[in-house]
Amino acid sequence: MAGATEHVVYVVDDDQGMLESTVWLLESVGLKALPFTSGVEFLDACDASLDACVILDVRMPGMGGLNVQEEMRVRELNLPIIFVSGHADVPIVVRAFKAGAHDFIEKPYNEQLLLDSVQQALSSCATQRSGNQALQARLLTLTPRERDVMLPLVQGYTTREIAEQLGVSAKTVDLYRSRVMKRMQANTLPDLVGMAIAANMVDPLKLR
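Structure follows, in structure tokens:
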């Protein structure tokens, strides 16, 4: 289809044989696969603007998969990660999922299982991207003053604290708050916080 977005799968594995066979498998179903033998090499090349996902080996010399996942979070490379590992002990799996992994597959993996997981990850990436575009469009409808109220609001400040910060009355802050909720199509404050996190307006680890 002309103009269709190309799907990319980053494959990061220090085992050359495993890397080549995974790339071959992905290319056999028409996906573009980009191979990397180290986490550092992948991080330098990763483009989060693509419709992409990452197949990431857990145990690699130097920078392991969980460290790569953490560095992706720091760099705001928000791509779905499918971990593969020949040593899938429970604490590692739990840690990976807690940090937002899409899937965790043991080696040697079932080829169809991996392909299904990749397709799910890519479709979730596309869905998230279209959702983000709608979110950005709603953010653009906010006036500068509404944005001034939204930011401390999602950071956990009270109406009184926001009023003091902006030098206005609490009643005025409440008015702007209701406008922000309406424009952003947020039913509750947690909804609004989720939108702010998705739009990278705030760091979820630094909220009050």
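Its first residue numbered 1, the sequence shown is counted upward by one per residue in UniProt numbering. Glycine included, every Cβ here is placed at the ideal spot set by N, Cα and C.
- F42 and Q128 have their C-alpha atoms roughly 22 Å apart.
- Assignment of C53 by DSSP, reduced to helix, strand and coil, places it in the strand class.
- The DSSP-derived three-state label of A33 is strand.
- Residue pairing by DSSP places I81 opposite V54 in a beta bridge.
- Beta-bridge partners of E106 (DSSP): S85.
- The beta carbons of V54 and S85 sit no closer together than 8 Å.
- Boundaries of the beta strand (DSSP E) around V9: 7-12.
- Across the set V74, G131, L166, C125, the C-alpha of L166 shows the shortest separation from the C-alpha of R145.
- Leaving aside the five residues that flank V93 on each side, the residues in its chain whose CB is nearer than 7 Å to its CB run, in chain order, F104.
- Using a 10 angstroms sphere on the CB of H87, the tally of other CB atoms stays under 16, which defines it as exposed.
- Excluding its 5 nearest sequence neighbours in each direction, L139 has C-beta neighbours in its own chain below 7 Å: A199, listed in chain order.
- Taking one beta carbon from each stretch, the segment 63-74 and the segment 25-37 have fewer than 3 pairs nearer than 8 Å; the two do not touch.
- Judged by their CB atoms, A99 and F83 are not nearer to each other than the 8 Å cut-off.
- A straight line joining the alpha-carbon of E71 with that of L56 spans about 13 Å.
- When the five nearest sequence neighbours on each side are left out, the beta carbons in the same chain lying within less than 6 Å of the beta carbon of S117 are those of I82, D103, in order along the chain.
- Rounded to whole angstroms, the separation of the alpha carbons of Q185 and A137 is 12 Å.
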